[in-house]
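Protein sequence lines, in the order shown, are assigned to chains A and B. Here the first sequence is numbered in the numbering used here, starting from 1 and rising by one per residue. Here the second sequence is numbered in the numbering used here, starting from 1001 and rising by one per residue. Positions of the beta carbon are idealized from the N, C-alpha and C atoms, including for glycine. Being a predicted model, the structure only gives us computed values, none of them experimental.
2 protein chains.
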Amino acid sequence: MADKPEHGERISEAEHAVMEVLWEKAPQSAQDVCDQVGALRDWSLPTVKTLLARLVTKQALTTERDGKRFLYSPVIARSDYVGTESRRLVDRLFGGRAAPLFAQLAKAEALSHDDIAEIEALLKELKS
Amino acid sequence: MADKPEHGERISEAEHAVMEVLWEKAPQSAQDVCDQVGALRDWSLPTVKTLLARLVTKQALTTERDGKRFLYSPVIARSDYVGTESRRLVDRLFGGRAAPLFAQLAKAEALSHDDIAEIEALLKELKS
DNA sequence: CTCCATCGTTTACATGCGTAATCGATTACA
DNA sequence: TGTAATCGATTACGCATGTAAACGATGGAG
């Protein structure tokens, strides 16, 4: 296979919040992103612009011109990001094994009935 | 219930590596920790001492005097740390639901046969 | 009792991150 | 056509982090 996504550096937590709104809908202007993300974090427009610029530098976003302004779109897929981050955690905390993670969540009562049902279904599918 | 463990601030990634060796065996001196952790990360003794000091400040470690030096022991349990970190990730990336995490790991082929078998066993236990 | 090795503590410094103001360019409107 | 609003870019700044050297105290060996 060719090059992996080649997503430059790591995406920080604040940057991730910005990515989320662009994964939800893209392309969007800085102003739009600011409004969207404002629902959760209370950031000023300059702050959001800084994060957007950093994400462009990190090659996580592309820009397309629209008159005076830019429209931003994700370059990396959410599933890639989520996959990388999940793997990182599993590697760091559970020696790369997913089962202990599961045990941990179970012990911490972090598994709802729905979760359990869904995981059961997933397992059944995996075995086929 | 009384106070939660009250573990002060967040433990960074480098600090976590130090915690791991102390969870493995405690108490240990700075020199010992340095040797242990040296297997994975190539840190100088001063570096390890800095991390130990920061962890004491963060109330993640306690010290007990042993002649000239200190012996360090974890204050917070590994399961607590691991639980908090797991929950953080699940909240941040999967809206607090564990099932999508498993779907993700499954899709990324991060689940070994052993994992699947173990999770299956755990599920059976949960349902009883 | 003296001196050296070894502690923990203090200080250091580059980088990344969170948060934001300012500035120069540009566009749209009057 | 001039000017006000707005855009992206540049600069800023404090705190956390990763990494480490320097320093001062102290305990053990001779």
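Between VAL75 of chain A and ALA60 of chain A, the beta carbon gap of about 6 Å places them in contact (Cβ cut-off 8 Å). Any Cβ of chain A closer than 8 Å to the Cβ of ASP1066 of chain B would place that residue at the interface, and such an atom is absent. Within the same chain, and ignoring the five residues on either side of VAL90 of chain A in sequence, the residues whose Cβ sits closer than 8 Å to its Cβ are GLY96, ARG97, ALA98 and LEU101. For VAL1018 of chain B, no CB of chain A lies under 8 Å from its own CB, so it is not counted at the interface with that chain. The CB of ARG87 of chain A comes closer than 7 Å to the CB of ALA1108 and ALA1110 in chain B, given here in chain order. Secondary structure within the region 1055–1114 of chain B: the beta strand (DSSP E) runs of 3 or more consecutive residues, fully enclosed, are 1061–1066 and 1069–1074 (chain order). Counting of Cβ neighbours within 10 angstroms places SER86 of chain A among the buried residues, the total reaching 16 or more. The region 1050–1058 of chain B makes no contact with the region 1104–1122 of chain B: fewer than 3 CB pairs, one atom from each, lie closer than 8 Å.
The shortest CA-to-CA distance from LYS127 of chain A to any of B:LEU1122, B:SER1128 and B:SER1112 is the one to B:SER1112. Counting only the Cα atoms, LEU1045 of chain B lies some 24 Å from LEU93 of chain A. Ranking B:ALA1110, B:ASP1114 and B:VAL1018 by CA distance to the CA of ARG1041 of chain B puts B:VAL1018 first.
ALA121 of chain A counts as exposed, since fewer than 16 other C-beta atoms from the protein chains shown sit within 10 angstroms of its C-beta. Residue environment for ASP66 of chain A: exposed (fewer than 16 other C-beta atoms within 10 angstroms of its C-beta).
Following the DSSP letters along the chain, one finds GLY38 of chain A inside the alpha helix (DSSP H) bounded by residues 30–38. With its beta carbon at least 8 Å from every one in chain B, ASP42 of chain A lies outside the interface. Shown here, ILE1011 of chain B sits in coil according to DSSP, grouped into three states, outside any helix or strand. Of all alpha-carbon atoms in A:THR62, A:TRP23 and A:GLU15, the one lying nearest the alpha-carbon of ARG78 of chain A is that of A:TRP23.
DSSP places LYS1025 of chain B outside both helix and strand once states are collapsed to three, so it counts as coil. Identification of chain A residues near GLN1104 of chain B by a Cβ-Cβ cut-off of 8 Å yields SER79, VAL82, GLY83 and SER86, ordered along the chain. Within 10 angstroms of the beta-carbon of ASP1114 of chain B lie fewer than 16 other beta-carbons, which makes it exposed.
Among the residues facing chain A, ALA1039 of chain B is not included, as its CB has no counterpart in that chain under 8 Å away. When only Cα atoms are considered, HIS1016 of chain B and ALA1110 of chain B end up about 23 Å apart. With a cutoff of 8 Å on beta-carbon distance, TYR1072 of chain B and LEU1051 of chain B are scored as not near each other. Under a 10 Å Cβ-count criterion, ALA117 of chain A is classified as exposed, with fewer than 16 other Cβ atoms of the shown protein chains found around its own Cβ.
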